[in-house]
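In this note's numbering, the protein residues as written are 13 to 231.
See the structure below:
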């Protein structure tokens, strides 16, 4: 006789494990995209672009498994939160992956051209959002709402650093019109890093919801 509950629990765990794996792929893509820009490594940038399909397919797989489990088992309370949270988190993770791909595409477009300015604060902002995503995934595994709350607080630091990056790029664009095209591309990178910070915050809020059942109010 099939133990329905045991099978259900196993499928629930598989979905959670898939979500963690997707998160790992996304954090790797983000780290590689920033590194490729900083070092002008076009081969690395191309690999980020090529691997984005794997992230997209993982999102589809997790969503399909989750929807099927909800339909068949009609979970309630904590189990329903686990599944609904998985659906929400895959969306944010997929979008972070998209931002990594777009950053890599910008790196490819810049190509071998010298950078208009040394990249100092921009990689720092990239590193900060990478750490936010890593921390929130660890918080998800450990059901740590304090760590998740710290991620939410760190988004302000990202915004401040990105604002400084924008001012620096604008200075170089105003100083020499030949810098405008690349400066515009660098500003797009900065905007995407900001958006990654926003998605990391969303992920943290979903972890808090998973544990407490309470939704956080947006600032």
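Note that the Cβ used here is the ideal one computed from N, Cα and C, for glycine as well.
- The C-alpha of residue 65 lies about 19 Å from the C-alpha of residue 119.
- Spanning the alpha carbons of residue 73 and residue 50 requires a straight line of approximately 33 Å.
- By a beta-carbon distance limit of 8 Å, residue 212 does not contact residue 153. Their separation comes to about 15 Å.
- In the same chain as residue 141, and ignoring 5 residues on each side of it, the C-beta atoms closer than 8 Å to its own belong to 42, 170, 205, 208, 209 and 212, in chain order.
- The three-state reading of DSSP puts residue 79 in helix, counting H, G and I together.
- Remark: three or more beta-carbon pairs, one from each stretch, lie closer than 8 Å, so the region 55–69 and the region 108–126 are flagged as touching.
- Residue 186 counts as exposed, since fewer than 16 other C-beta atoms from the protein chains shown sit within 10 angstroms of its C-beta.
- In terms of CA proximity to residue 163, 218 leads the group 18, 126, 203 and 218.
- Under the three-state reduction of DSSP output, residue 124 falls in the coil class, being neither helix nor strand.
- Contiguous alpha helix (DSSP H) elements confined to the region 131–195 occur at 133–154 and 157–187, taking only those with 4 or more residues.
- In the pairwise beta carbon analysis, the region 68–83 is classified as touching the region 98–106: at least three pairs are separated by under 8 Å.
- Pairwise C-beta distances place the region 88–96 out of contact with the region 177–197, as fewer than three of them are shorter than 8 Å.
- Scanning 48, 84, 90 and 32 for the CA closest to the CA of residue 67 turns up 32.
- Secondary structure at residue 70: helix, using DSSP grouped into helix, strand and coil.
- DSSP, read as helix, strand or coil, puts residue 214 in helix.
- For residue 144, the closest alpha carbon among the candidates 132, 129, 134 and 160 is that of 160.
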